[in-house]
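Residue numbers (my numbering): 35 to 473. Beta carbons: idealized from backbone N, C-alpha and C, even for Gly. Read through the structure below, which is laid out as structure tokens, and then see the notes.
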Ligand SMILES: [Zn+2]
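Next up, the structure:
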């Protein structure tokens with residue numbers, strides 16, 4: 035059995051020297067860190083001090099004891115971000131303001147120390163090991179290289195691997211970016227899933243050389259199941275996937291060379307899956323909301339933070355031999371799911387239905403609800419000449435989608451495919467279904 039790079043990293047951190055990571059050693063580490071985190075949160079954060087009594091460390095026997103504590107929500111973070119701060123403001127290296135979640139409409143602010151960032155760089159470095167070799171060139175198609183931003187932290191990990199990072203931002207012009215990527219002689223390209231597929235298609239259409247590129251890493255948005263295979267076929271590369279969140283200082287999980295689930299960063303976080311309605315823990319294999327507790331964060335520890343992402347823990351062990359928990363594919367955002375009487379509309383399902391249409395670069399989706407019935411408007415976006423028959427093929431693909439078909443058959447949902455437009459540019463953030471709901 036080989037020992038994965040992530041497992042080896044965690045073995046060293048949990049006090050071991052060599053050999054495979056043992057589940058009980060990891061659980062013992064998590065229990066100690068959990069006790070520390072709970073004590074630090076109650077001592078340093080006014081939010082947690084109001085909410086929880088000082089926990090008795092000896093009453094925390096195992097990581098599962100986390101289930102006794104209340105959840106933290108995005109709205110809690112929005113309401114009073116400073117109430118979560120556990121260090122002096124001089125110790126904060128970066129503040130991130132997020133406008134995209136919660137129901138209050140007010141932004142979340144997140145605080146990270148240099149130590150918090152160093153752990154993320156460590157995680158990125160070990161995740162990169164199976165994707166790179168020393169001397170490689172790594173093209174990073176992610177927004178911003180601000181200090182402490184995801185591109186900056188990734189650059190630090192790439193340099194530690196003795197590779198050369200090249201940050202080029204989110205592709206605005208797909209064909210130009212494909213040509214640039216080909217000229218860059220990159221060996222690994224890191225970027226958002228949908229722009230990466232569009233770029234891979236353009237790469238192929240332009241007949242650009244693919245000799246240098248060996249691997250692609252998809253991150254920062256959900257990934258339709260068919261998408262990695264499509265990119266792998268177009269560019270003859272191995273495609274890896276990553277799941278992370280800004281709230282975790284961009285940490286989370288990454289897949290291994292077996293490509294069956296994200297190996298989770300379990301030395302730094304506890305991961306739970308809960309029923310989004312009842313809060314009850316869900317066993318492996320059952321879908322629910324991902325809940326995260328930070329174990330080693332200093333600036334802003336989070337206890338049972340409801341991420342809003344829907345997924346499941348995969349049963350059994352990965353063929354690579356790692357004991358780390360594996361997260362299945364992200365099925366969408368809890369707040370992004372549109373519920374109708376006969377089912378649910380989720381952007382990942384629309385992606386899965388449409389991403390393999392070869393002339394489609396992207397699409398916009400808008401949902402309107404009136405008197406209990408919904409209308410879903412899809413506008414196809416293309417990079418080059420307007421493609422004849424594309425609207426008809428988009429409609430056929432959506433009508434055949436297992437997620438949409440029952441809704442369309444019941445008459446609860448009407449599908450409207452709007453006129454195709456030229457693609458503008460990728461926003462550099464997670465894509466969503468726009469919603470207009472009449473009360
Ligand atoms: Zn694995």
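Mind checking who residue i pairs with in its DSSP beta bridge?
i, result
"residue 221", "Looking at the DSSP assignment, residue 221 forms no beta bridge with any residue, so it has no partner."
"residue 410", "401, 449"
"residue 159", "Answer is none; residue 159 lacks a bridge partner."
"residue 275", "252"
"residue 297", "288, 360"
Determine the DSSP secondary structure at residue i, reduced to helix, strand or coil.
i, result
"residue 100", "helix"
"residue 418", "coil"
"residue 307", "strand"
"residue 244", "coil"
"residue 326", "strand"
"residue 46", "helix"
"residue 372", "strand"
"residue 135", "Bear in mind that a pLDDT of 49 at residue 135, under 50, signals an unreliable position, so the number given afterwards is only what the model happens to contain. DSSP places residue 135 in coil when its eight states are reduced to three."
"residue 281", "helix"
"residue 151", "helix"
"residue 91", "helix"
"residue 80", "helix"
"residue 125", "helix"
"residue 106", "strand"
"residue 62", "helix"
"residue 143", "strand"
"residue 344", "strand"
"residue 470", "strand"
"residue 438", "coil"
"residue 174", "strand"
Leaving out five residues before and five after residue i in sequence, what residues of the same chain have Cβ atoms less than 7 Å from its Cβ?
i, result
"residue 462", "177, 204"
"residue 67", "329, 330"
"residue 216", "237, 242, 243"
"residue 393", "416, 421, 424"
"residue 336", "106, 281, 326, 327, 328"
Spatial neighbours of residue i within its chain, please: C-beta separation below 8 Å, excluding the five flanking residues on both sides.
i, result
"residue 298", "286, 287, 305, 358, 359, 360, 361"
"residue 351", "357"
"residue 460", "204, 205, 206, 226, 228, 229, 396"
So, for residue i: in the same chain, excluding its five sequence neighbours on each side, which residues have a beta-carbon less than 6 Å away from its beta-carbon?
i, result
"residue 118", "79, 81, 334"
"residue 157", "285, 299"
"residue 136", "Below a pLDDT of 50, predicted positions are generally treated as unreliable, and residue 136, at 49, falls in that range; the measurement from the model is reported next regardless. So the list reads 108, 109, 112, once near-sequence residues are dropped."
Sort the options by Cα distance to residue i and report the nearest one.
i, options, result
"residue 406", "447, 355, 420", "447"
"residue 340", "58, 211, 312, 332", "312"
"residue 293", "330, 354, 428", "354"
"residue 470", "77, 166, 409, 414", "409"
"residue 96", "221, 69, 87", "69"
"residue 327", "321, 347, 303, 317", "303"
"residue 154", "368, 183, 261", "183"
"residue 3", "291, 317, 403", "The structure shown does not extend to residue 3, since the chain is modelled only from 35 to 473, so the question has no answer here."
"residue 400", "414, 123, 100", "414"
"residue 57", "41, 72, 457", "41"
"residue 92", "104, 83, 73, 85", "73"
Would you please verify whether the beta carbon of residue i is less than 7 Å from any beta carbon of chain B?
i, result
"residue 439", "The structure shown contains no chain B; it is built from a single protein chain."
Item to complete: Let me have the residue list for ligand 1: C-beta closer than 5 Å to any non-hydrogen atom, ordered along the chain.
Response: 290, 292, 352, 354, 356
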